[in-house]
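Taken in sequence, the protein lines are chains A and B. At position 117 of the first sequence (counting the first as 1) the number is 150 in this note's numbering, and the numbers step up by one without a gap. At position 183 of the second sequence (counting the first as 1) the number is 250 in this note's numbering, and the numbers step up by one without a gap. As structure tokens, the structure follows; a few thoughts come after it.
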Amino acid sequence: MGSGRQFFGLRLALTAACLAALALLEGPWLLALAAALLALNLLLNPDGLALFARLRFWLFLLSPPLIGAAVFGSRDLSLGAVRLSQEGLALGLVMSGRALCLLLTFQVALGGLSVTRLIGLFHSRGLKGLGFALGVAYNMLSTLGEISLTTLYTLRLRGAFRRHPVRALRLFVVTVVSAALRHAEDIVHAASVRGFDAQ
Amino acid sequence: MRRGWTVREWVFVGLFGALWGAAEMTLGSVLHLIFPPVADTFLVGLIMASVGCLIALCGRVFVPHRGSILLIGLITAVLKAFSLGGVKIGPIIGILAESLLLELGLLVMRRDSYAAFGVAGLLAVSWNFFHRFVMMGLLYGAGFFEVAARMVRDGSRLLGVREELIFVILGVLLAIRMAAGAAAGVAARALAGQIQRRLGHGER
């Protein structure tokens, strides 16, 4: 647990430092901060950089400079037949730099963290109930998937969604939640016989 | 705040957090694939906020303590953060804000009635309207509002409509979200009653 606390402490300190730098830096310095954060992510959380392979991410990152250059300020920059605004382009680049820094800071904060580690942290901080609830939630996901699929197939085989879609949807929700609550009662009994106390 | 909660209540908090998390991870992902990113702002956000509101408010009936929805939201946000596809700030902030507003709505109304659930739902789903503005402001900084204001001016001039019309459209979009939220809140109260009857708990 000691190394776990150091791990969280380091991540927390790095995140606070990154947010402070983000609040203080302006203009091109933001791009330098983004480069530093990228290096930090490569070191601490290389898997998190899968983000760069997503089309949606690039759409999110490139739209501010493109929109800024097209709509903001006077068109004083010629790129072939297209006339753009330098002021808008600069504004858009700063906006994208800031967004990229925030995303990478978030990756630094949460990258490498796992649900198990988080449950351990809650227990060590006296939030035993919350840690227990998180454990229950995490382990229940597969059970919920099974319950949902069984209910869905049963309703579909009876033609419920075709004849009464709204009623079938209501039945689906009621059945899934009821079945999940029955399963939850079993967990409560199992915890009780083991003498678990969430206080 | 959480002293005196039973094991059953903690398990139910975990269960409803898992239900909301599962909906976010499955239905949310499918909707994001079906609808293009531009349509996300309205349709996907509205559907997911209503579903989340429905599940969290049902959870409140089974864990009738102040703060239970906030904890359900916290667990959902953690599950979403560790789901496939990596960490995304937007949905996590959205889930936390919605659960906070649900809790606030029930705190103001102070009753386990249909009206209280309707108000809580209305508040929570209306966050969906402000979410994009808050997120864009947070991520892109003040520059976003400058560019957005300029786009509104240029757009209204280009289309030959008055700038005020943009605010009318925004007002209608907010009203639709509020109506959907109130409906989700009332539906949550009715569904929770049905679930209690099915389990043999009876209405409170």
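Backbone N, C-alpha and C fix where the C-beta goes; we use that ideal spot for every residue, glycine too. Bear in mind the structure is a predicted one, so any value in this text is a computation, not a measurement.
Burial state of residue i, where buried means 16 or more other Cβ atoms lie within 10 Å
i, result
"ASN172 of chain A", "exposed"
"GLY227 of chain B", "exposed"
"THR143 of chain B", "buried"
"GLY185 of chain B", "buried"
"ILE236 of chain B", "exposed"
"ILE101 of chain B", "exposed"
"GLU322 of chain A", "Coverage of chain A is limited to positions 34 through 232, which leaves residue 322 of chain A absent and any answer about it impossible."
"THR208 of chain A", "buried"
"PRO97 of chain A", "buried"
"SER225 of chain A", "exposed"
"GLN232 of chain A", "exposed"
"MET68 of chain B", "Caution is warranted here: a pLDDT of 47 is assigned to MET68 of chain B, below 50, making its placement in the model unreliable, and no coordinate value can be reported."
"TRP72 of chain B", "buried"
"TRP77 of chain B", "buried"
"THR138 of chain A", "buried"
"ALA249 of chain B", "buried"
"LEU112 of chain A", "exposed"
"GLU231 of chain B", "exposed"
"LEU190 of chain A", "exposed"
"PRO131 of chain B", "exposed"
"LEU151 of chain B", "exposed"
Minimum Cβ-Cβ distance from residue i to chain B less than 9 Å
i, result
"VAL97 of chain A", "It is Pro, not Val, that sits at residue 97 of chain A in the sequence shown. PRO97 of chain A counts as touching chain B."
"GLU218 of chain A", "yes"
"LEU110 of chain A", "no"
"SER157 of chain A", "no"
"MET34 of chain A", "A caution first: MET34 of chain A carries a pLDDT of 46, below 50, which makes its placement in the model too unreliable to give a value."
"SER211 of chain A", "yes"
"SER225 of chain A", "yes"
"GLN232 of chain A", "yes"
"GLY125 of chain A", "yes"
"ARG215 of chain A", "yes"
"VAL115 of chain A", "no"
"LEU167 of chain A", "yes"
"TYR186 of chain A", "no"
"PHE194 of chain A", "no"
"LEU64 of chain A", "no"
"ALA132 of chain A", "yes"
"ALA49 of chain A", "no"
"GLY178 of chain A", "yes"
"PHE41 of chain A", "no"
"SER129 of chain A", "yes"
Minimum Cβ-Cβ distance from residue i to chain A less than 9 Å
i, result
"CYS120 of chain B", "no"
"GLU270 of chain B", "Legend: pLDDT at GLU270 of chain B = 49, less than 50; position of this residue unreliable, no value from coordinates given."
"ALA89 of chain B", "yes"
"ALA85 of chain B", "yes"
"VAL145 of chain B", "yes"
"LEU206 of chain B", "yes"
"MET115 of chain B", "no"
"LEU138 of chain B", "yes"
"ASP221 of chain B", "yes"
"GLY248 of chain B", "no"
"ILE243 of chain B", "no"
"ILE262 of chain B", "yes"
"ILE236 of chain B", "no"
"TRP194 of chain B", "no"
"PHE109 of chain B", "no"
"GLY81 of chain B", "yes"
"ILE156 of chain B", "yes"
"PHE184 of chain B", "no"
"PHE149 of chain B", "yes"
"GLU165 of chain B", "no"
"ARG69 of chain B", "Note that ARG69 of chain B scores 46 on pLDDT, short of 50, meaning its location in the model is unreliable; the coordinates nonetheless yield the value given after this. True, the Cβ-Cβ gap to chain A drops below 9 Å."
"PHE129 of chain B", "yes"
"ARG133 of chain B", "no"
Endpoints, alpha helix (DSSP H) assigned at residue i
i, result
"HIS197 of chain A", "That residue, HIS197 of chain A, is in no alpha helix (DSSP H); it is neither H nor E in DSSP."
"ALA69 of chain A", "61-77"
"GLY157 of chain B", "156-176"
"MET245 of chain B", "231-266"
"TRP72 of chain B", "Run containing TRP72 of chain B: none; DSSP gives neither H nor E here."
"THR143 of chain B", "135-148"
"ALA102 of chain A", "88-104"
"LEU100 of chain B", "96-101"
Supposed close pair residue i, residue j - CB separation, criterion 8 Å
i, j, result
"LEU124 of chain A", "GLY210 of chain B", "5 Å"
"VAL104 of chain A", "GLY121 of chain A", "7 Å"
"VAL141 of chain A", "ARG44 of chain A", "7 Å"
Heavy atom of the ligand COA within 8 Å of residue i beta-carbon
i, result
"LEU174 of chain B", "With respect to the ligand COA, the structure shown offers nothing to examine, as it has no ligands at all."
Short CB-CB distance (under 9 Å) between residue i and chain E
i, result
"VAL104 of chain A", "No chain E is part of this structure, whose protein chains are labelled A and B."
Minimum length 3: unbroken beta strand (DSSP E) runs contained in the stretch 107-184 of chain A | Within the stretch 107-184 of chain A, complete beta strand (DSSP E) segments of at least 3 residues are found at 110-112 and 115-117, given in chain order.
Can you list the alpha helix (DSSP H) stretches of 4 or more residues lying completely in the stretch 179-225 of chain B, in chain order?
-> DSSP runs (the alpha helix (DSSP H)) wholly in the stretch 179-225 of chain B: 181-207.
Segments of 3+ residues assigned as beta strand (DSSP E) that fall wholly inside the stretch 103-133 of chain B = Entirely contained in the stretch 103-133 of chain B, not one beta strand (DSSP E) run reaches 3 residues.
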